[in-house]
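Q: Converting from the sequence shown to our numbering requires adding 46 to each position, the first position being numbered 1.
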Amino acid sequence: DKAPLEHSPLGVMPTAKSAIVCAVHLPDACIELGSEPDVRIPGPAKVISNVAYTLNFIAYRLALVLQECGFNAIPLAQSVYWNYRPDRGAKRGWMGDICHYYAAVAAGLGEIGWHNLCITPEFGTRQRFVTIITDAQLTADPLYSGEPLCDKCLLCAKNCPTRSFDKEVSGMLQIEIEDKKYSFPNRNLWRCGIGENFGLDVLMPWPEKIDEKIILERTEEATRNPGMLYGWKMGNCIKACVPKKKRFWDKKYCTLPRSRKPMTPAAGAEQLEIVKNELLNLAYTNDADRVLFFSKTDLEKSGILPAYFLPDAQSLILAGFNNMPDFNDIGSRVELLIANKIEKYGHSALIVSGLKPQKIIKTFNLTDSGMVWKVIITSLPFPTSAVPSAIFTIPSRQLSSAAVKTALQAIAFEGGVRLFGVSSSERIANIASQLEKILTADNEKYFEVDRHTWKFNADISVEQYGYKPYPANPVLSKNKRIVKNAENYLANARSIIAIGIPFPRASVEWAGKGEGKKVGHFSISLHVTVFQLLSEALYKMSNYLNQFGYKTAYTFDLNGLAGQVIAGKYQPDLSGNSFTALAAGLGDLGWSGNLLTKEYGGNQRIAALITDAVLDEDAVYHGPPLCKKCFKCADQCPVKAISKEITYKIEIDNKIFNWGKRDQLRCDWAQKYGLVGEAGPEMIGSQTDLPLPSEITPETVCTALCKLDRIQSRPYYTSIVEHCLINCPVSDNNI
47 DKAPLEHSPL GVMPTAKSAI VCAVHLPDAC IELGSEPDVR IPGPAKVISN
97 VAYTLNFIAY RLALVLQECG FNAIPLAQSV YWNYRPDRGA KRGWMGDICH
147 YYAAVAAGLG EIGWHNLCIT PEFGTRQRFV TIITDAQLTA DPLYSGEPLC
197 DKCLLCAKNC PTRSFDKEVS GMLQIEIEDK KYSFPNRNLW RCGIGENFGL
247 DVLMPWPEKI DEKIILERTE EATRNPGMLY GWKMGNCIKA CVPKKKRFWD
297 KKYCTLPRSR KPMTPAAGAE QLEIVKNELL NLAYTNDADR VLFFSKTDLE
347 KSGILPAYFL PDAQSLILAG FNNMPDFNDI GSRVELLIAN KIEKYGHSAL
397 IVSGLKPQKI IKTFNLTDSG MVWKVIITSL PFPTSAVPSA IFTIPSRQLS
447 SAAVKTALQA IAFEGGVRLF GVSSSERIAN IASQLEKILT ADNEKYFEVD
497 RHTWKFNADI SVEQYGYKPY PANPVLSKNK RIVKNAENYL ANARSIIAIG
547 IPFPRASVEW AGKGEGKKVG HFSISLHVTV FQLLSEALYK MSNYLNQFGY
597 KTAYTFDLNG LAGQVIAGKY QPDLSGNSFT ALAAGLGDLG WSGNLLTKEY
647 GGNQRIAALI TDAVLDEDAV YHGPPLCKKC FKCADQCPVK AISKEITYKI
697 EIDNKIFNWG KRDQLRCDWA QKYGLVGEAG PEMIGSQTDL PLPSEITPET
747 VCTALCKLDR IQSRPYYTSI VEHCLINCPV SDNNI
């Protein structure tokens with residue numbers, strides 16, 4: 047209650063009554079061996095990405111559980127949408143939707159240390175947090191009241207490569223939570239963020255004063271000198287901080303303190319077999335398809351040295367996943383689960399090590415059949431067991447179409463899917479034919495700028511982690527949109543399964559509103575996490591069908607007509623799979639061209655699984671119109687991309703669906719290129735707000751892109767809020 051309103055839960059959702067804080071542990075070995083020997087190269091500390099995905103997954107699912115219990119909830123995801131400048135009355139910038147580590151302290155999980163991070167008695171600073179705010183009245187946990195966790199050892203300060211604790215420090219700051227007070231140095235966060243936020247070389251000479259201007263100058267210089275750009279750097283404040291009771295030194299292992307495990311390491315053949323079976327169960331219940339074990343001795347005989355990566359290595363585990371080239375996050379979540387489980391037995395586990403699984407597969411003459419493998423190196427002394435740990439026989443196709451469909455629906459619903467329908471490929475082909483005629487008659491002039499030629503950074507290898515300088519020289523990738531059908535994805539496609547996961551309705555309702563005008567929760571939930579949840583459901587459904595010998599493919603935009611959104615790694619916008627959903631009987635079409643359902647209004651994302659299995663198709667929606675033709679989607683669109691006069695229509699099984707013409711180039715200006723402040727960027731403090739030119743061309747797009755706010759406007763980190771959604775009165779609150 048002492049937090050500035052604009053940076054508190056009430057600033058995000060004024061009706062909030064409680065905040066739930068969850069943490070996932072960063073495996074000790076990944077942090078202890080991260081940035082060794084070069085602080086600029088995180089190595090296994092990149093496990094932070096595994097943890098961020100897992101936390102966002104947890105928060106979204108928990109928010110939907112609360113929603114289904116009748117409450118409103120907003121999952122406040124891992125902080126990637128930073129407002130670097132002071133805004134809305136705040137004295138300091140560098141704020142996300144909420145400060146998760148302060149929320150963690152308020153939830154009783156730990157205390158704030160000298161580095162202004164939350165220290166927990168279990169893990170020190172080796173965890174990440176996520177917060178779910180809700181209007182459910184929950185009983186608060188007491189604040190942490192044990193022995194002080196920060197003993198002012200100052201290892202965080204002594205090992206900071208940017209010297210953030212002794213250069214440009216402006217006194218002390220203090221926060222109060224109930225009767226607790228926590229003090230820490232008032233550091234210059236521009237200095238702190240040199241490597242972690244902007245991916246620049248922290249070891250090169252830096253001036254005594256660092257500010258936004260210096261960061262921009264160095265970033266521009268890095269486009270000409272790629273050696274200055276390293277990508278994300280783990281903070282040594284995380285690596286160095288271990289509570290005194292758990293802290294011990296082993297300089298042969300790593301340069302900074304290690305953390306004692308919570309129990310005596312498991313030992314003995316019988317106990318080892320129990321642990322192995324628990325790990326197998328954990329892997330298989332979380333969608334691994336094959337698990338292999340290799341002893342250190344057998345690996346070394348073959349020239350593979352696990353101890354090079356993990357000094358106390360005794361064995362290695364491979365977890366394999368079928369049919370997963372685009373579903374890598376699933377494997378990342380599973381390897382993290384396995385590593386943290388191993389640590390609970392008192393042993394070390396290292397993931398994201400850099401050890402390539404293909405070398406092991408080739409050395410031991412294993413067939414991977416295109417599997418994606420995750421490597422877990424551990425101090426548990428497992429013997430080699432280089433055969434599938436579970437044998438799966440392919441069953442015959444003896445289940446009825448109805449039984450297969452029922453099983454698929456159960457699998458989907460277990461993964462959070464709440465909308466499920468089936469269309470035949472013939473129905474999809476008929477829709478595609480009608481859409482093609484519309485595009486032909488309209489003689490649409492359209493182009494895309496190939497984002498891979500925008501030169502967002504000097505070295506493409508650091509694209510995921512580094513700061514991205516501004517684009518130049520766009521390339522015209524295509525000048526006509528082509529309507530696709532199921533056959534474009536899978537030969538002999540017979541059925542298309544449309545699945546939908548709802549959005550947290552409060553995240554839509556409060557996007558960019560309230561005292562804080564926060565949008566990070568909206569952008570991550572709607573443009574990132576929901577796609578990951580749908581991907582997990584698609585993966586499980588695909589594996590189920592594959593075991594019968596059926597083939598599958600998936601897409602988030604079957605017809606290929608959806609726009610793209612910069613906020614979510616250029617995933618399809620809300621119109622993606624709208625026509626597929628109509629064909630599968632999930633709902634009606636809004637004037638915006640987005641799907642409306644009687645269950646959730648416009649608040650859902652749709653994915654399509656295409657298969658050669660013949661499934662019973664569902665009837666097309668024939669209920670009362672869900673769109674009231676209020677035209678708020680058109681009126682509130684910042685770029686006026688939706689026409690109120692020009693109507694398109696298609697017919698599916700004697701049902702007519704109408705929607706307004708959308709100028710996709712205008713829409714792209716706002717949501718694909720992030721050029722319009724009102725469309726979202728200004729809500730995270732971006733100064734980008736470029737008016738539409740008289741004609742949108744590749745040249746005008748290029749010119750505009752070069753005028754972006756270079757601090758706030760970065761791909762994936764640029765917020766987009768679809769006004770056609772947040773202003774639509776058809777929501778699950780009033781259907």
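Don't be surprised by glycine CBs; every beta carbon is placed ideally from N, CA and C.
(1) Determine the extent of the beta strand (DSSP E) in which Glu663 is found, giving its start and end residues.
(2) Kindly indicate which residue of Lys291, Leu632, Leu655 and Arg270 has the alpha-carbon position closest to the one of Asp645.
(3) So the alpha helix (DSSP H) Glu242 belongs to, where does it begin and stop?
(4) Taking Asp375 as the reference, which of Ser348, Leu345, Ile407 and Ala334 has the closest Cα?
(5) Within the same chain, show all residues whose beta-carbon is closer than 7 Å to that of Glu582, passing over the 5 residues directly before and after it, in chain order.
(6) With the cut-off set at 9 Å, would you say Pro684 and Val660 are in Cβ contact?
(7) Just grab the DSSP bridge partners of Gly366 for me.
(8) Please name the residue, chosen from Gly622, Pro429 and Ile545, that lies closest to Ala608 on a Cα-to-Cα basis.
(9) Does the distance from the CB of Ala109 to the CB of Pro90 come in under 9 Å?
(10) Write down the C-beta distance between Thr180 and Ser64 rounded to the nearest angstrom, noting that I regard them as a contact closer than 8 Å.
(11) Which runs of the alpha helix (DSSP H), 4 residues or longer, sit entirely within the region 60 to 94?
(12) Quick check: the Cα distance between Thr424 and Val288, rounded to an integer number of angstroms?
(13) What's the C-alpha gap between Pro775 and Ala475?
(14) Quick one: is Lys818 buried, meaning 16 or more other Cβ sit within 10 Å of its Cβ, or exposed?
(15) Pick out whichever of Thr746, Glu697 and Thr693 has its Cα sitting closest to the Cα of Arg712.
(16) Which of the three DSSP states, helix, strand or coil, is assigned to Met280?
(17) Tell me which same chain residues have a C-beta within less than 8 Å of the C-beta of Glu578, skipping the five on either side of it?
(18) Which same chain residues end up closer than 6 Å to Trp419 when comparing Cβ atoms and leaving out the 5 residues on each side of it in sequence?
(19) Who are the Cβ neighbours of Phe466 in its own chain at under 6 Å, not counting the five residues just before and after it?
(20) Please report the distance separating the alpha-carbon of Gly560 from that of Asp143.
(21) Count the other CB atoms within 10 Å of the CB of Ser191; is the residue buried (16 or more) or exposed (fewer)?
(22) Should Ile397 and Val93 be called a contact, given that it needs their Cβ atoms to be closer than 9 Å?
(23) Enumerated in chain order, which unbroken segments of the alpha helix (DSSP H) with a length of 4 residues or greater are wholly contained in the region 152 to 215?
(24) Using a Cβ distance threshold of 8 Å, determine whether the region 733 to 743 contacts the region 692 to 705, with at least three qualifying pairs required.
(25) To which residues of the same chain is Lys227 closer than 8 Å at the C-beta, ignoring the five residues directly before and after it?
(26) Compare the Cα-Cα distances from Leu445 to each of Tyr354, Leu591 and Leu754 and report the closest residue.
(27) Buried or exposed: Ser447, going by 16 or more other Cβ atoms within 10 Å of its Cβ?
(28) Suppose you measure from the CA of Leu189 to the CA of Pro167; what does that come to, to the nearest Å?
(29) By a C-beta neighbour count over all protein chains shown, 10 Å radius and 16 as the cutoff for buried, is Ile859 buried or exposed?
(30) Since I believe Leu481 is in contact with Ile696 (beta carbons under 8 Å), could you give me their beta-carbon distance rounded to a whole number of angstroms?
(31) Return the Cβ separation of Lys718 and Gln610 in integer angstroms, given the expectation that the two are a contact with Cβ distance under 8 Å.
(32) For Val111, is the classification buried or exposed, using 16 other Cβ atoms within 10 angstroms of its Cβ as the cut-off for buried?
(33) Tell me, please, which residues DSSP counts as bridged to Asn704.
(34) Whose CA, out of Arg233, Pro207 and Asn411, lies closest to the CA of Ser216?
(35) For Gly159, collect the residues of the same chain with a Cβ closer than 6 Å to its Cβ; drop the 5 residues on either side in sequence, then sort them by chain order.
(36) Ends of the beta strand (DSSP E) at Glu222?
A: A quick look at the data gives this:
(1) Segment: none, Glu663 is in no beta strand (DSSP E) and carries neither H nor E.
(2) A quick correction: the sequence has Glu, not Asp, at residue 645. For the residues Lys291, Leu632, Leu655 and Arg270, the minimum Cα distance to Glu645 belongs to Leu632.
(3) Where Glu242 is concerned, the enclosing alpha helix (DSSP H) stretches over Leu235 to Glu242.
(4) Closest in alpha carbon position to Asp375, among Ser348, Leu345, Ile407 and Ala334, is Ala334.
(5) Cβ within range, chain order: Ile376 and Gly461.
(6) Their beta carbons are not under 9 Å apart, which means Pro684 does not touch Val660 by this criterion.
(7) Per DSSP, Arg336 and Trp419.
(8) Here the closest residue by C-alpha is Gly622.
(9) It is not a contact, given that the beta carbons lie outside the stated cut-off.
(10) Thr180 to Ser64, Cβ: 5 Å. Contact.
(11) DSSP runs (the alpha helix (DSSP H)) wholly in the region 60 to 94: 74 to 78.
(12) Cα to Cα, Thr424 sits roughly 21 Å from Val288.
(13) If I take the Cα positions, the gap works out to 32 Å.
(14) Outside the displayed range of the chain (47 to 781) lies residue 818, so it cannot be described from this structure.
(15) Among Thr746, Glu697 and Thr693, the Cα nearest to that of Arg712 belongs to Thr746.
(16) Met280: coil per DSSP, three-state reduction.
(17) Looking at the sequence provided, one finds Gln at residue 578 rather than Glu. Hits under 8 Å: Tyr99, Asn102, Phe103 and Asp375.
(18) Counting only Cβ-Cβ distances below 6 Å, and skipping sequence neighbours, we find Leu364, Gly366 and Pro403.
(19) Same-chain partners within the cutoff: Gln455, Ala458 and Ile545.
(20) So the two alpha carbons sit approximately 12 Å from each other.
(21) Classification for Ser191: exposed.
(22) Going by C-beta atoms, Ile397 is nearer than 9 Å to Val93.
(23) Fully enclosed alpha helix (DSSP H) runs of no fewer than 4 residues occupy 201 to 204 of the region 152 to 215, in order along the chain.
(24) As far as the Cβ criterion goes, the region 733 to 743 does not touch the region 692 to 705, which means the pair count is below three.
(25) Answer for Lys227: Gln220 and Ile221, listed in chain order.
(26) For the residues Tyr354, Leu591 and Leu754, the minimum Cα distance to Leu445 belongs to Leu591.
(27) By the beta-carbon neighbour count (other beta carbons within 10 angstroms, threshold 16), Ser447 is exposed.
(28) Between the alpha carbons of Leu189 and Pro167 lies a distance of about 13 Å.
(29) A question about residue 859 goes unanswered here, because the residues of the chain that appear run from 47 up to 781.
(30) Their Cβ separation, rounded to whole angstroms, is 7 Å, which keeps Ile696 and Leu481 in contact under 8 Å.
(31) In this structure Lys718 is in contact with Gln610, their Cβ atoms being roughly 5 Å apart against a cut-off of 8 Å.
(32) That one is exposed.
(33) Answer is Lys695.
(34) Of Arg233, Pro207 and Asn411, the smallest CA-CA separation from Ser216 is found for Arg233.
(35) The answer, listed in chain order, is Ile165 and Cys196.
(36) Counting along the chain, the beta strand (DSSP E) containing Glu222 begins and ends at Met218 to Ile223.
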